[in-house]
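Numbering (UniProt numbering), first residue to last: 1 to 450.
Virtual Cβ for every residue (Gly too), placed ideally from N, Cα, C.
These numbers were taken from a predicted model, which means no experiment stands behind them.
Following: one structure in structure tokens, then a few remarks.
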Amino acid sequence: MSAHGAPQPITARKGGPLRGTADVPGDKSISHRALILGAMAVGESRITGLLEGQDVLDTGRAMRALGAEVVGHGAGSWSVHGVGVGGFREPDSVIDCGNSGTGVRLIMGAVATHPFATTFTGDTSLCSRPMGRVTDPLALFGAQAVGRSKGRLPLTLVGASDPVPVRYATPVPSAQVKSAVLLAGLNAPAETVVIEREATRDHSERMLAGFGARIATEDTPEGRVITLTGQPELRPQDITVPRDPSSAAFPVCAALIVEGSDVLVPNIGLNPTRAGLFETLREMGADLTYENPREEGGEPVADLRARFSPDMKGVPVPPGRAASMIDEYPILAVVAACAEGVTDMPGVAELRVKESDRIDAMAQGLCAAGIDVDEGADWWKVTGRGPNGVPGGATVAARLDHRIAMSFLCLGMASQQPITVDDAGPIATSFPIFQPLMERLGADFGGRDS
1 MSAHGAPQPI TARKGGPLRG TADVPGDKSI SHRALILGAM AVGESRITGL LEGQDVLDTG
61 RAMRALGAEV VGHGAGSWSV HGVGVGGFRE PDSVIDCGNS GTGVRLIMGA VATHPFATTF
121 TGDTSLCSRP MGRVTDPLAL FGAQAVGRSK GRLPLTLVGA SDPVPVRYAT PVPSAQVKSA
181 VLLAGLNAPA ETVVIEREAT RDHSERMLAG FGARIATEDT PEGRVITLTG QPELRPQDIT
241 VPRDPSSAAF PVCAALIVEG SDVLVPNIGL NPTRAGLFET LREMGADLTY ENPREEGGEP
301 VADLRARFSP DMKGVPVPPG RAASMIDEYP ILAVVAACAE GVTDMPGVAE LRVKESDRID
361 AMAQGLCAAG IDVDEGADWW KVTGRGPNGV PGGATVAARL DHRIAMSFLC LGMASQQPIT
421 VDDAGPIATS FPIFQPLMER LGADFGGRDS
């Protein structure tokens, strides 16, 4: 059963080329952070282009429960009247973060240095995911997590009544962990320091600076050192959210593998800590170009044009690139299935603890569709069959994972036989307009095959 109601199977069939403009939603990572930092500022922040997917809406409800005034005005326009750093109140009820690992981990950080208890829960998928990677560093501030084994939801986080500053080296690359520690450090005295051996997406650092926090980043022999001065007064901001590169990945990659396609995806955020997929695709020989590069709201953006690319080859993906494209490996695997040769993806243990075990989910579905996959604890390899070479004809399990569902629907657009996803309901958490957008471009979706 889907956590979003009855299962919603969808079948993708090979059809004509994909053509046109794909206006994808706002960036999910930036949308979460805009709501949270807006709630921690003094005064009213105005946000345009906010992703109105379920994950972000759940974060907005959480900010209301913590005392901020959060109002949607339609078409991605929102306002947040914040309560200031240290101004959150104890919520009257449980904070339900639905399917969002980003939302729950960032909110835990934001409340960890407040002197009250907050109880968190989520859907079936989120309640199976480990939270110890966040609650362990938050314990250094003085917060205490009480709940199920391995730190899984539901759990109650008892905030520190007398928080202390923290110096923390992240054991694995994780923007969520880094951001949770920085958000906790806002309401702690003196300086909180996070050390990353590998740089992860830096939306939190950019936005904290924009809201007026004193934050500095330095590359050193021990890694990237981020220093935040605690207890600032954050200033409200007007924020324009760029469009989500993780969502853009689906129409871009579908265009690369569907014969005759030519798709423009405008206004995509190209923060270098997020653009690893596009770099990899170009190394594979993809006809992918950046048009009209510019900067909006402190973030680099451009329009992406993707055309059918029949000559793509498998490549080794450097493990150091994983942090900049961790959410895009499922759709990269789909492109790899349609390329010639082996695409080798090492250093991706993080994929095992996403909304699903994404390596296993993709391996099972790709094998069912006729593609050879080898995998290990932190690596996998996809052996492609070239353009028009994927047999298809499979029904695959999405495992309540939006990216698994969308990836296999894109594969079905290019495979010889249709591919059915058992439940497309979770797609609404991040990309609620995915189906109508792809259908306008020319995708052929329907009900379950008989």
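Next item on the list: Could you tell me which residues DSSP pairs with Ala216 in its beta bridges?
Entry: Here the question's residue 216 lines up with position 216 in the sequence shown. Paired residue(s): Thr227.
Check: In angstroms, rounded to a whole number, what distance separates the CA positions of Thr240 and Ile107?
Finding: Walking along the sequence shown from the start, residue 240 turns up at place 240. Walking along the sequence shown from the start, residue 107 turns up at place 107. Cα to Cα, the separation comes out at about 21 Å.
Checklist line | Cβ neighbour criterion (16 or more within 10 Å) applied to Arg410 | finding: Indexing the sequence shown from 1 puts residue 410 at position 410. The displayed chain sequence assigns Cys, not Arg, to residue 410. Cys410 comes out buried.
Checklist line | Segments assigned alpha helix (DSSP H), at least 4 residues, entirely inside the stretch 221–293 | finding: 245–257 and 276–284
Check: For Gly425 versus Gln8, is the C-beta distance shorter than 8 Å?
Finding: The residue you call residue 425 lines up with position 425 of the sequence shown. The residue you call residue 8 lines up with position 8 of the sequence shown. Contact: yes.
Item checked: Start and end residues, beta strand (DSSP E) containing Gln144 -> Translated into the one-based positions of the sequence shown, residue 144 becomes position 144. Here the beta strand (DSSP E) through Gln144 covers Gln144 to Gly147.
Check: Taking the C-alpha atoms as reference points, what is the distance between Met438 and Asp262?
Finding: Sequence index remark: in the sequence shown, residue 438 carries index 438 (1-based). Sequence index remark: in the sequence shown, residue 262 carries index 262 (1-based). If you take the alpha carbons of Met438 and Asp262, they lie about 13 Å apart.
Notebook entry, point to check: DSSP three-state call for Ser324: helix, strand or coil?
Noted result: As a first step, residue 324 must be located in the sequence shown, where it is residue number 324. Three-state result, Ser324: helix.
Notebook entry, point to check: For Gly442, which residues of its own chain have a beta-carbon under 7 Å away from its beta-carbon, when the five flanking residues on both sides are left out?
Noted result: To locate residue 442, count along the sequence shown from 1; it is residue 442. So the list reads Gly15, Gly16, Pro17, Leu18 and Arg19, once near-sequence residues are dropped.
Item checked: Selected residue, minimal CA-CA separation from Pro115, among Gly122, Leu186, Thr135 and Gly142 -> Here residue 115 refers to the residue found at position 115 of the sequence shown. Closest option to Pro115, Cα to Cα, is Gly142.
Item checked: Separation of Gly87 from Val158, as counted between CA atoms -> Here residue 158 refers to the residue found at position 158 of the sequence shown. Here residue 87 refers to the residue found at position 87 of the sequence shown. Computed Cα separation, rounded: 16 Å.
Item checked: C-alpha distance - Glu283 paired with His402, whole-angstrom precision -> Counted from its first residue, the sequence shown places residue 283 at position 283. Counted from its first residue, the sequence shown places residue 402 at position 402. Cα to Cα, the separation comes out at about 26 Å.
Margin query: Please report the distance separating the alpha-carbon of Gly392 from that of Ile195.
Written below: Reading the sequence shown from its first residue, position 392 is the one you call residue 392. Reading the sequence shown from its first residue, position 195 is the one you call residue 195. Roughly 44 Å between the two C-alpha positions.
Item checked: Opening and closing residue of the beta strand (DSSP E) in which Ile419 lies -> Within the sequence shown, residue 419 is the residue found at index 419, counting from 1. Start and end: Ile419 to Val421.
Margin query: Check whether the stretch 24–31 and the stretch 231–246 touch, using three or more Cβ-Cβ pairs below 8 Å as the test.
Written below: yes
Check: Quick one, are the C-beta atoms of Glu198 and Ala377 less than 8 Å apart?
Finding: If you number the sequence shown from 1, residue 198 lands on position 198. If you number the sequence shown from 1, residue 377 lands on position 377. No; because the gap between Cβ atoms is not below 8 Å, this pair is not in contact.
Next item on the list: Could you pull out every residue in the same chain whose Cβ sits closer than 6 Å to the Cβ of Arg46, ignoring the five residues on either side in sequence?
Entry: Counting from one through the sequence shown, the residue named residue 46 turns up at place 46. Ser79 and Asp238, listed in sequence order.
Item checked: Contact check, Ser77 vs Asn99, beta carbons under 8 Å -> The residue labelled residue 77 in the question sits at position 77 within the sequence shown. The residue labelled residue 99 in the question sits at position 99 within the sequence shown. Not a contact, by the Cβ cut-off of 8 Å.
Margin query: Mapping the DSSP letters down to three states, classify Asp449 as helix, strand or coil.
Written below: Taking the first residue of the sequence shown as position 1, residue 449 is located at position 449. Confidence is the limiting factor: at Asp449 the pLDDT is only 42, short of 50, which leaves the residue's position unreliable and the question unanswerable from this model.
Item checked: Extent of the continuous alpha helix (DSSP H) run through Ala369 -> Reading the sequence shown from its first residue, position 369 is the one you call residue 369. Counting along the chain, Ala369 falls outside any alpha helix (DSSP H), and DSSP gives it neither H nor E.
Next item on the list: Confirm, please, whether the CB-CB distance from Val83 to Gly67 is below 8 Å.
Entry: Taking the sequence shown and counting its residues from 1, the one referred to as residue 67 is at position 67. Taking the sequence shown and counting its residues from 1, the one referred to as residue 83 is at position 83. Yes. Within cutoff.
Check: Where Trp379 and Gly43 are concerned, what is the direct C-alpha to C-alpha distance, given to the nearest angstrom?
Finding: For this step, residue 379 is matched to residue 379 along the sequence shown. For this step, residue 43 is matched to residue 43 along the sequence shown. So the alpha carbons of these two residues sit roughly 47 Å apart.
Notebook entry, point to check: Does the stretch 302–320 come close enough to the stretch 56–65 that 3 or more CB-CB pairs lie under 8 Å?
Noted result: no
Checklist line | alpha helix (DSSP H) segment containing Gly38, residue limits | finding: Sequence index remark: in the sequence shown, residue 38 carries index 38 (1-based). Lys28 to Met40 is the extent of the alpha helix (DSSP H) around Gly38.
Checklist line | Within-8 Å CB hit, Gly132 to chain B | finding: This model lacks chain B altogether; it includes just one protein chain.
Notebook entry, point to check: At what residue ranges does the stretch 121–171 contain a whole run of the beta strand (DSSP E), taking only runs of 3 or more?
Noted result: 144–147, 155–158 and 167–169
Next item on the list: Starting from the C-beta of Asp449, find all residues in its chain whose C-beta is less than 7 Å away, skip the five residues before and the five after it, and write them out in chain order.
Entry: By one-based count along the sequence shown, residue 449 stands at place 449. For Asp449, the predicted model reports a pLDDT of 42, less than 50, meaning its position is unreliable; a value from the coordinates is still stated below. The residues are Thr11, Pro418 and Thr420.
Item checked: Contact belief for residue 452 with Gly38 at Cβ below 8 Å, rounded distance in angstroms -> There is simply no residue 452 to check, as the chain begins at 1 and stops at 450 in what is shown.
Notebook entry, point to check: Does DSSP classify Leu208 as helix, strand or coil?
Noted result: In the sequence shown, counting from the first residue as 1, residue 208 sits at position 208. Here Leu208 sits in helix by DSSP.
Margin query: Taking a contact to mean a Cβ-Cβ separation below 8 Å, would you say Arg358 touches Pro319 in this structure?
Written below: As a first step, residue 358 must be located in the sequence shown, where it is residue number 358. As a first step, residue 319 must be located in the sequence shown, where it is residue number 319. No, the pair does not count as a contact, with Cβ atoms beyond the cut-off.
Next item on the list: Report, in whole angstroms, the separation of the C-beta atoms of Pro232 and Leu183, which I expect to be a contact under 8 Å.
Entry: Here the question's residue 232 lines up with position 232 in the sequence shown. Here the question's residue 183 lines up with position 183 in the sequence shown. At roughly 12 Å, the Cβ-Cβ gap does not stay under 8 Å, so Pro232 and Leu183 are not in contact.
Margin query: By the three-class DSSP mapping on this structure, what secondary structure does Ser77 have?
Written below: As a working note, residue 77 is residue 77 in the sequence shown. Ser77 falls in the strand class under three-state DSSP.
Checklist line | Under 8 Å between C-beta atoms of Glu299 and Asn271 | finding: In the sequence shown, counting from the first residue as 1, residue 299 sits at position 299. In the sequence shown, counting from the first residue as 1, residue 271 sits at position 271. In contact: Glu299 and Asn271 (Cβ atoms closer than 8 Å).
Notebook entry, point to check: Is it a yes or a no for the stretch 116–123 touching the stretch 150–166, going by three-plus beta-carbon pairs under 8 Å?
Noted result: yes
Item checked: Boundaries of the beta strand (DSSP E) in which Asp344 is found, first to last residue -> Here residue 344 refers to the residue found at position 344 of the sequence shown. Element bounds for Asp344: Glu340 to Pro346.
Check: Where does Thr11 fall in DSSP's three states?
Finding: The sequence position of residue 11 within the sequence shown is 11, counting from 1. Of the three classes helix, strand and coil, the one that applies to Thr11 here is strand, per DSSP.
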